[in-house]
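Structure first, then comments.
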Amino acid sequence: MEGFAEAGYPYFVARGQKGYNGVMILSKMPIEEVAAEDFASLGHARHIAGRLENGVTIHNFYVPAGGDKPDRAVNEKFGQKLDYLTEMRDWFKANKPKKSILVGDLNIAPLPHDVWDHKKMLKIVSHTQVEVDHFNDVMAAGDWIDVTRQDIPEGLLYSWWSYRAKDWDAADKGRRLDHVWATSDISAAAHSSRVLRDARGWEKPSDHAPVFATFDL
DNA sequence: ATGGTAGGTGGCCTA
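Numbering (our numbering), first residue to last: 1 to 217.
Structure (structure tokens):
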């Protein structure tokens, strides 16, 4: 934590399970934890929410990846992913977000231009129709706006490239799995979204690249 | 239809 403070982020809210999963929101300003839900009762640490002193709430989600086969009858993890999204939807229906930002690895690329090959990817977990339907239901339930696509509506845009490609940059078989959303009451304050694609080429990189957005609030 | 890479933890599982 000292390292984060030295880097200019003395405040945070976080949940984690060593060796498994975790979410964290670092802040330059005081932030108070306001929620940490265990959707689909997985016993995981995939959600944290904090509120800043200006009244803005920030959610960070790590939606389950969902395994390989997009069929809950043979792949329990896929069912858990859908259930996770269904419970997110119901929670946002019951707790209508206002002045809120949602970020995270949502493990779904919702739009045809969020993947390198829409037709091929329709059979691949992260871009199947049932996942996109669940994803859109969560957005509708919270009146969420996709800030990244508000700023960058056109063109292929990815935030993740598999480790398994021999040359991720040349093959460029990416997916936009990481998202920045805002409720419609503050979405007009968002601008300057971008993906730091260069980070995918750093030493010992994550397979995800950072997604940025700026809010004037 | 399959394998490909990376990581964390501990000898395999998940992403």
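We put the CB at the ideal spot given by N, CA and C, even for glycine.
None of these values were measured; they are calculated from a predicted model.
Taking its Cβ as the centre, do 16 or more other Cβ atoms sit within 10 Å of Arg164, making it buried, or is it exposed? Classification of Arg164: exposed, given that the 10 Å Cβ count is below 16.
Compute the beta-carbon to beta-carbon distance between Val23 and Ala35, rounded to the nearest angstrom, for a pair I have assumed lies under 8 Å. The Cβ separation is near 11 Å, so there is no contact.
Could you compute how far the alpha carbon of Lys96 sits from the alpha carbon of Asp198? Taking the straight line from one Cα to the other gives about 36 Å.
Measure the alpha-carbon distance for Ala7 versus Arg72 and round it to whole angstroms. Ala7 and Arg72: Cα-Cα distance of roughly 43 Å.
If distances are taken between C-alpha atoms only, which option among His191, Val74, Ala170 comes closest to Pro153? Residue His191 is the option with its Cα nearest to Pro153.
Inter-residue spacing [alpha-carbon to alpha-carbon] between Lys28 and Gly50: Roughly 13 Å separates the two Cα atoms.
Going by DSSP in three states, Thr86 sits in which element: helix, strand or coil? Helix.
Less than 9 Å between the beta carbons of Asp143 and Trp160, yes or no? Taking 9 Å as the Cβ cut-off, Asp143 and Trp160 do not qualify as a contacting pair.
Which residue's Cα is closest to the Cα of Asp117: Gly174, Ser41, Phe215? Asp117 has its Cα closest to that of Gly174, out of Gly174, Ser41, Phe215.
First and last residue of the uninterrupted alpha helix (DSSP H) at Trp168: Per DSSP, Trp168 belongs to the alpha helix (DSSP H) from 168-171.
Collapsed DSSP secondary structure at Asn60 in the structure displayed: In this structure, DSSP gives Asn60 an extended state, which the three-state scheme calls strand.
Pop quiz: Gly104 and Phe39 are said to be a contact at Cβ under 8 Å. What is the actual Cβ separation, rounded to whole angstroms? Between Phe39 and Gly104 the Cβ distance is about 12 Å, and since that is not below 8 Å, they are no contact.
Look at the alpha carbon of Thr214 and the alpha carbon of Val63, and state the distance between them as a whole number of angstroms. Distance between the alpha carbons of Thr214 and Val63: 23 Å.
Coil, strand or helix - Arg194 by DSSP: In this structure, Arg194 counts as strand in the three-state DSSP scheme.
Helix, strand or coil for His127? Go by DSSP, reduced to three states. In the structure shown, His127 sits in coil (DSSP, three-state: anything other than H, G, I, E or B).
Using a Cβ-Cβ cutoff of less than 7 Å, which residues in the same chain neighbour Asp207 once the five nearest sequence positions on both sides are dropped? Closer than 7 Å at Cβ, skipping near neighbours: Trp160, Trp161, Ser162, Tyr163.
Using DSSP with H/G/I as helix, E/B as strand and the rest coil, what is Ser206? Reduced to three states, the DSSP call for Ser206 is coil.
Can you give me the C-alpha to C-alpha distance between Phe212 and Leu42, rounded to a whole angstrom? Here the alpha carbon of Phe212 sits roughly 29 Å from the alpha carbon of Leu42.
Grouping DSSP H, G and I as helix and E and B as strand, with all else coil, what is Gly66? It is coil, neither helix nor strand.
Buried or exposed: where does Ser184 fall if 16 or more other Cβ atoms within 10 Å of its Cβ makes it buried? Exposed.
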